[in-house]
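A.B. asks: Can you read through this structure? Questions will come right after.
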Amino acid sequence: MATAQSTGTDLHDEPQASGPVASRPEPALASGAAPLDGVDPPRLTLWHRIAGIDPRHLDGWRRRSPGLRGLKVDLPIAALVVGMMVLTERYNVAIVSTADVPEESVAMYLSEPWTVWVIPAMFFAAFALRRVLPIVTVIIGVVAFLAGQVAPYGEHLFTQIACFVLIFSGAAWSPRRVLVSAVNLVILLVFLASGLMSVVAYLRLGEVTGEATALSFVFSLFANLLYVLAAAVLGSNEYRRAGNEDLLAVRTAELRERTEALEAERRVVAEQAVRLDRIEIARELHDVVAHHVSLMGLQAAAARRSLASAPERPERAVQALLAVEESARSAITELQLVLTTLRSPASEMSDRVAGAGAGGSGTSAAHGNAAAPAAGSSVAPSTLSVEEIPALIDSVRAAGMSVSYREIGDARPMSGVTGLTLYRILQEALTNAQKHAGPGADVDVRVRHLGREVELDVTNGPRAPGHRAPRGGGRGIVGMRERATAIGGTLEAGPRSAELGGGFRVVARLPLAA
């Protein structure tokens, strides 16, 4: 996997995930899971829908039983259902014994003595264990239901509800999908046969005759078919939903792992970029320091020659030595700036980079940019200053940008490092205006001389129609701000409101004597 590198300067960047900084294996997808590359998953076949399985499920996935924890929920439900079953059966007996019920209907509401206890007990056990032993409890529930029809048992509403729930639970919780599908098929056949036998029994008793015969057969088939299929299909769908939920949890964990890995890699890239920025800034400051040291050598030599040629006139040597002293102070101050830049923690600055953009391509102002209209690459850093700004503006205009430039206030002497910083911040701001607003953008540059400070104000208009700004890491603003902070200045940058015409603005305030 290729190493991500900083390749350009970005000011108005949008967040973008970067590639990893070093080769590392990506988190492997769980076996059997559909890939995270947008490939369409396989379609569900009829068997998949009947059995409640999904080819996208993890290999070897089985729905886990809640175990004893499930009993805390299922036991009260079982007690409630069976309690209603017993109360309804007792109520039916009371109604039959007190009300004027037709003799042919009395058998429907009376129970064999053994069924009063056995059938509710079977349903209670099945309901309580329906998620622990799903197939066994289905069989128990169906046997209890059919026994209540044959014996008979004088309650019909809650026994039907309980049997339906048990068939549903078997299909929803059993990991043995072939077996549970076979059991449901057998239950369906048994219920169809039971319904047909009931119709035949009514025919023999003469309760169904003539045209009602066909209707009775159709109704019995349809009711039993719908009853079993609805419970089985709903249960299978619930099993498939649980599998998809677990798959989603695995996918989410994988994506979270990838996100955390990318975040760590982004921070590494950001810290590396900040270190490179500081090294470049330190190099330029070193050039400025070297310039002052060279001046010190020349001035010291001038003082020596003055004393040698005219010892009776020491004032000329004194002036040269004062210049040496001033150059020494400037060199020490700028050397301290170099040390401050290199010693400040990169991790703090990388967090600021993260706030500006998520690790796309981009560098700070320190690196310069090949796309810049005038990178100043042919000029030694020690000679870059406010005096070079007109030449920079001209080169930008020659590249097609409309730039207005004004100096406000009386210019005052400033240190070499302040002039260099001002030049570099302006260069970066112009480069990014061209990159993000377009080569034909209108840019307004103002340099204000404010007593002990100098202020640089760069404003560009909104993005040109049809221009697509590159995405990047947001380290342009960070680099400019770090340059300003290194010499005791401040920098503010951000988009302008629509009421002010939109676009972007950069304002830097720098001390004259850094």
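Quick note on numbering: the sequence shown equals residues 533 to 1046 in the numbering used here. Don't be surprised by glycine CBs; every beta carbon is placed ideally from N, CA and C.
(1) Taking the CB atoms as reference points, tell me whether Ala-676 and Ile-693 lie closer together than 8 Å.
(2) Assuming Thr-620 and Leu-689 make a contact with CB atoms under 8 Å, what is their CB distance in whole Å?
(3) So for Arg-984, helix, strand or coil by DSSP?
(4) Find the nearest neighbour of Val-975 within the set Arg-708, Val-732, Gly-993 and Val-801, judged by alpha-carbon distance.
(5) Report back the beta-carbon spacing between Leu-590 and Val-782 to the nearest angstrom; my notes put them in contact at under 8 Å.
(6) Quick one: residues in its chain with C-beta nearer than 6 Å to the C-beta of Glu-795, no 5 flanking neighbours on either side, listed in chain order?
(7) Can you check which of these residues, Val-765, Glu-985 and Ala-930, is closest to Met-946 by C-alpha distance?
(8) For Pro-707, which three-state DSSP category applies?
(9) Decide if Leu-711 is buried, meaning its Cβ has at least 16 other Cβ atoms within 10 Å, or exposed.
(10) Are the beta-carbon atoms belonging to Arg-995 and His-968 less than 8 Å from one another?
(11) Should Arg-595 be labelled buried (16 or more other beta-carbon atoms within 10 Å of its own) or exposed?
(12) Identify whether Val-975 lies in helix, strand or coil by the three-state DSSP scheme.
(13) What's the C-alpha gap between Ala-611 and Lys-604?
(14) Of the choices Ser-927, His-981 and Val-979, whose alpha-carbon is the least far from that of Gln-966?
(15) Measuring straight from C-alpha to C-alpha, what distance separates Arg-510 and Asn-624?
(16) Which residue comes first and which comes last in the beta strand (DSSP E) that contains Arg-595?
(17) Work out the CA separation of Ala-793 and Thr-691 for me, nearest whole Å.
(18) Could you please give the first and the last residue of the uninterrupted beta strand (DSSP E) stretch that includes Gly-1026?
(19) If we ignore side chains and look at the alpha-carbon of each, how far apart do Val-618 and Ser-643 end up?
(20) Determine the burial state of Ser-934: buried for a count of at least 16 other Cβ atoms within 10 Å of its Cβ, exposed for fewer.
(21) Rank Glu-939, Thr-950 and Ala-931 by C-alpha distance to the C-alpha of Gly-970 and give the top, closest one.
(22) Suppose you measure from the CA of Val-722 to the CA of Ala-653; what does that come to, to the nearest Å?
(23) Just curious, the beta strand (DSSP E) that Val-668 is in, first and last residue?
(24) Per DSSP, what are the beta-bridge partners of Val-935 in this structure?
(25) If I follow the unbroken beta strand (DSSP E) through Leu-958, where does it start and stop?
(26) Just to confirm before moving on: does the CB-CB distance between Ile-1009 and Val-949 stay below 8 Å?
(27) Which residues bound the beta strand (DSSP E) around Arg-1041?
(28) Which whole-angstrom value describes the C-beta separation of Phe-655 and Val-614, a residue pair presumed to lie in contact below a C-beta threshold of 8 Å?
(29) Roughly how many angstroms lie between the CA atoms of Glu-848 and Glu-803, to the nearest whole one?
(30) Have a look at the DSSP bridge pairing and note the partners of Ile-940.
(31) Indicate whether Ala-660 and Gly-584 have their beta-carbon atoms separated by less than 8 Å.
(32) On the criterion of 16 or more Cβ atoms from any shown chain inside 10 Å, does Arg-709 qualify as buried, or is it exposed?
(33) Is the distance from the Cβ of Val-918 to the Cβ of Leu-962 below 8 Å?
(34) At the level of alpha carbons, what is the spacing between Ile-627 and Glu-687?
(35) Which of helix, strand or coil does DSSP assign to Thr-630?
C.D. replies: Taking the definition as stated:
(1) no
(2) So it is a contact: roughly 6 Å between Cβ atoms.
(3) DSSP places Arg-984 in coil when its eight states are reduced to three.
(4) Gly-993
(5) 6 Å
(6) Here Glu-795 has no same chain residue with a Cβ atom under 6 Å from its own Cβ, once five neighbours each way along the sequence are excluded.
(7) Glu-985
(8) coil
(9) exposed
(10) yes
(11) Buried: at least 16 other Cβ atoms inside 10 Å.
(12) strand
(13) 12 Å
(14) Ser-927
(15) No information on residue 510 is available, as it lies outside the stretch 533 to 1046 that the chain covers here.
(16) Here Arg-595 belongs to no beta strand (DSSP E), and DSSP marks it neither H nor E.
(17) Taking the straight line joining both Cα atoms gives about 55 Å.
(18) Under the DSSP assignment, Gly-1026 falls in the beta strand (DSSP E) whose first and last residues are 1022 to 1027.
(19) Between the alpha carbons of Val-618 and Ser-643 lies a distance of about 11 Å.
(20) Ser-934 is exposed by the Cβ-count criterion.
(21) Ala-931
(22) So the two alpha carbons sit approximately 22 Å from each other.
(23) No beta strand (DSSP E) contains Val-668, which is instead part of the alpha helix (DSSP H) from 666 to 682.
(24) According to DSSP, residue pairing for Val-935 in a beta bridge involves Val-975.
(25) Premise fails: Leu-958 lies in the alpha helix (DSSP H), 948 to 969, not in any beta strand (DSSP E).
(26) Their beta carbons are not under 8 Å apart, which means Ile-1009 does not touch Val-949 by this criterion.
(27) 1036 to 1043
(28) 6 Å
(29) The sequence given here places Arg at residue 848; Glu does not occur at that position. Rounded to the nearest angstrom, the two C-alpha atoms are 51 Å apart.
(30) Arg-980
(31) A distance of 8 Å or more separates the beta carbons of Ala-660 and Gly-584.
(32) buried
(33) no
(34) 12 Å
(35) helix
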